[in-house]
C-alpha cells in the first residue's frame, strides 16, 4: 500500500499540478485510511471491498469527523482507487457504488467595516514588527489573498508604481491583483525602511520576515491576527481567511462584478465565489427582518 500511495501522490503533484497544501491534505486522508486498514490486517489493495470502506467511514464518524471531512475523505480514496485500477496496481475499484455524504457549506464569518478598521489599527506603528503587521493586514484586506499565498510573496511580485501584486495560488496559477493607495503607502515604507532592519544577514527575497530575518510562517501570521483580534475586542472567529471572506463580501455588497471578484480570489469555479453572495443575502434578510414593519 505504501508504494501505491506514494506513486499516487507523485501523480497528483506532477499530472494535476496540485499545491503542496492540497497534496498534504490528500496524504493525511490516505494515512488515516492506511492506519484503519492496518487495524483490520488488510495488507493488499485487492482485499479492500465496499463494506471495508463503509466500516472505515463509520469509524471516522465515531471519532468525530464532520460530514465535510468525510466528503473530502471519500473523494480522496475514490481518486486513489481509480488511480490504482488505471495503473494496474489493483484489479478492482471498491469505491464504484460508494455514496458521498452531502453537507451544507457554512457561511463564513465576515467582519463589519468598523471591525476591519479596529483590526487594521491595532498594531503599534512605532515598532518594527508593528509596522510589518499593519502592512500584512492592509495587504490581506486589500487583496483577499490566502495566507499560504502571502507567505510566498517576494519583493519582485510587488509593483508599487503600477499598483499591483502578482500572486501564485493553487496549482501555481498566477493572477494579478490591483492595490489601492493606502496599502501601497504601507508597502513602500515597509520595503524601504522596515524590511532592511529585519533582514539582518539573511539572504531572501521573501517580502515578510520575522524578527530573526527568516520568512514569516502561516502559523506566525495566524497567531498575529488572533492577538490583534483580542486587542481589538473582536468576538467573531478570526483567522487569516476571515479577512479574505470580508474582502470578497465587502466588494460584492458595494456592487462589484462576481466574475471580477472570482478572478481576484483565484477561484477556478464561480460557485465557490457565489458563497459570498449568500453572505450578503443573509445580511439583507437580517436588515429586512429588523426594519420592515411587516417582516
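Numbering (UniProt numbering), first residue to last: 1 to 295. Using N, Cα and C, we set each Cβ at its ideal position, and we do this for glycine too. Please read all numbers here as calculations on a predicted model, not as lab measurements.
* To do: If I'm right that residue 205 touches residue 156 with Cβ under 8 Å, what's the distance once you round it to whole angstroms?
  => Taking the first residue of the chain shown as position 1, residue 205 is located at position 205. Taking the first residue of the chain shown as position 1, residue 156 is located at position 156. Right, the Cβ-Cβ distance comes to about 7 Å (below 8 Å), so this counts as a contact.
* Check whether residue 186 and residue 131 have beta carbons under 9 Å apart -> The sequence position of residue 186 within the chain shown is 186, counting from 1. The sequence position of residue 131 within the chain shown is 131, counting from 1. With respect to the 9 Å criterion, residue 186 and residue 131 are classified as neighbours on the basis of their beta carbons.
* Close Cβ partners of residue 203 (< 6 Å) along its chain, the five nearest in sequence each way excluded -> Along the chain shown, one-based indexing puts residue 203 at 203. Excluding residues within five positions, none has a Cβ falling inside 6 Å.
* Leaving out the 5 sequence neighbours to the left and right, which residues in its chain are closer than 7 Å to residue 11 when beta-carbon positions are compared? -> To locate residue 11, count along the chain shown from 1; it is residue 11. Cβ within range, chain order: 83.
* If you draw a straight line from the alpha carbon of residue 80 to that of residue 8, how long is it in whole angstroms? -> Mapped onto the chain shown, residue 80 falls at position 80. Mapped onto the chain shown, residue 8 falls at position 8. Going by the C-alpha atoms only, they are around 7 Å apart.
* At which residue ranges does the UniProt domain "Core-binding (CB)" (1-85) contain complete alpha helix (DSSP H) runs of 4 or more residues, listed in the order of the chain? -> 2-14, 20-39 and 50-62
* **For residue 174, the first and last residue of its enclosing beta strand (DSSP E)** => Here residue 174 corresponds to residue number 174 of the chain shown, with the count starting at 1. Note, residue 174: beta strand (DSSP E), 174-178.
* Let me know if residue 113 comes out buried or exposed under the rule of 16 or more other beta-carbons within 10 Å of its beta-carbon. => Looking up residue 113 in the chain shown gives position 113. Residue 113 comes out exposed.
* Buried versus exposed call for residue 208 [16 or more other C-beta atoms within 10 Å across all chains shown] -> In the chain shown, counting from the first residue as 1, residue 208 sits at position 208. Label assigned to residue 208: buried.
* **Spatial neighbours of residue 162 in its chain, beta-carbon cut-off 6 Å, leaving aside the 5 residues before and after** => Indexing the chain shown from 1 puts residue 162 at position 162. None.
* To do: Indicate the three-state DSSP secondary structure (helix, strand or coil) for residue 158 in the structure shown.
  => Taking the first residue of the chain shown as 1, we reach residue 158 at position 158. Strand.
* What separation, rounded to the nearest whole angstrom, lies between the Cα atoms of residue 249 and residue 138? -> Reading the chain shown from its first residue, position 249 is the one you call residue 249. Reading the chain shown from its first residue, position 138 is the one you call residue 138. Their Cα atoms are separated by approximately 16 Å.
* Check whether residue 232 and residue 55 have beta carbons under 9 Å apart -> On the chain shown, residue 232 is found 232 positions in, with the first residue counted as 1. On the chain shown, residue 55 is found 55 positions in, with the first residue counted as 1. Taking 9 Å as the cut-off, the beta carbon of residue 232 is found no closer than this to the beta carbon of residue 55.
* Tell me whether residue 242 is buried or exposed, calling it buried when 16 or more other Cβ atoms sit within 10 Å of its Cβ. => Locating residue 242 in the chain shown gives position 242, counting from the first residue. Buried, by the Cβ-count rule.
* According to the neighbour-count rule (16 or more other Cβ atoms, all chains shown, within 10 Å of its Cβ), is residue 32 buried or exposed? -> If you number the chain shown from 1, residue 32 lands on position 32. Classification for residue 32: buried.
* Can you grab the Cα-Cα spacing for the pair residue 212 / residue 48, in whole Å? => Position 212 of the chain shown, counted from the first residue, corresponds to residue 212. Position 48 of the chain shown, counted from the first residue, corresponds to residue 48. Each residue's alpha carbon lies about 50 Å from the other.
* **Beta-carbon gap between residue 140 and residue 147 smaller than 9 Å** => Indexing the chain shown from 1 puts residue 140 at position 140. Indexing the chain shown from 1 puts residue 147 at position 147. The answer is yes: Cβ separation under 9 Å.
* Coil, strand or helix - residue 209 by DSSP -> Translated into the one-based positions of the chain shown, residue 209 becomes position 209. Reduced to three states, the DSSP call for residue 209 is strand.
* Asked: Taking buried to mean at least 16 other C-beta atoms within 10 Å of its own C-beta, is residue 20 buried or exposed?
  -> As a first step, residue 20 is located in the chain shown; it is residue number 20 there, counting from the start. So residue 20 ends up on the exposed side.
* **Exposed unless 16 or more other CB atoms sit within 10 angstroms - verdict on residue 165** => Here residue 165 refers to the residue found at position 165 when the chain shown is read from its first residue. Residue 165 is buried by the Cβ-count criterion.
* Rank 45, 16, 25 and 24 by C-alpha distance to the C-alpha of residue 3 and give the top, closest one. => Working through the chain shown from its first residue, we reach residue 3 at position 3. Answer by Cα proximity: 45.
* Asked: Short check: CB of residue 266 to CB of residue 167, under 9 Å?
  -> Translated into the one-based positions of the chain shown, residue 266 becomes position 266. Translated into the one-based positions of the chain shown, residue 167 becomes position 167. It is a contact, given that the beta carbons lie within the stated cut-off.
* Do the stretch 59-79 and the stretch 92-101 meet, that is, are 3 or more Cβ pairs less than 8 Å apart? -> yes
* Asked: When the Cα of residue 111 is compared with those of 259, 251, 272 and 71, which residue comes out closest?
  -> As a working mapping, residue 111 is identified with position 111 in the chain shown. Ranking 259, 251, 272 and 71 by Cα distance to residue 111 puts 251 first.
* Asked: Exposed or buried, which one is residue 142 when buried takes at least 16 other CB atoms within 10 Å?
  -> Along the chain shown, read from residue 1 onward, the residue named residue 142 stands at position 142. Only buried fits residue 142, as 16 or more other CB atoms lie within 10 angstroms of its CB.
* Asked: So which of 109, 39, 63 and 198 has the shortest CA-CA distance to residue 234?
  -> For the purposes of this step, residue 234 is identified with residue 234 of the chain shown, where counting begins at 1. Of the listed residues, the one whose Cα sits closest to residue 234 is 109.
* Asked: By Cβ distance, which residues of its chain are closer than 7 Å to residue 183, with the 5 residues on each side in sequence left out?
  -> As a working note, residue 183 is residue 183 in the chain shown. Excluding residues within five positions, the ones whose Cβ falls inside 7 Å are 138, 139 and 142.
* Asked: Given residue 197, which residues of its chain have a CB within under 8 Å of its CB, disregarding the five upstream and five downstream residues?
  -> On the chain shown, position 197 is the one that residue 197 refers to. If we look at residue 197 and ignore the five residues flanking it on each side, its Cβ neighbours are 128.
* To do: Name the one or two DSSP bridge partners that residue 166 has.
  => As a working mapping, residue 166 is identified with position 166 in the chain shown. Looking at the DSSP assignment, residue 166 forms a beta bridge with 176.
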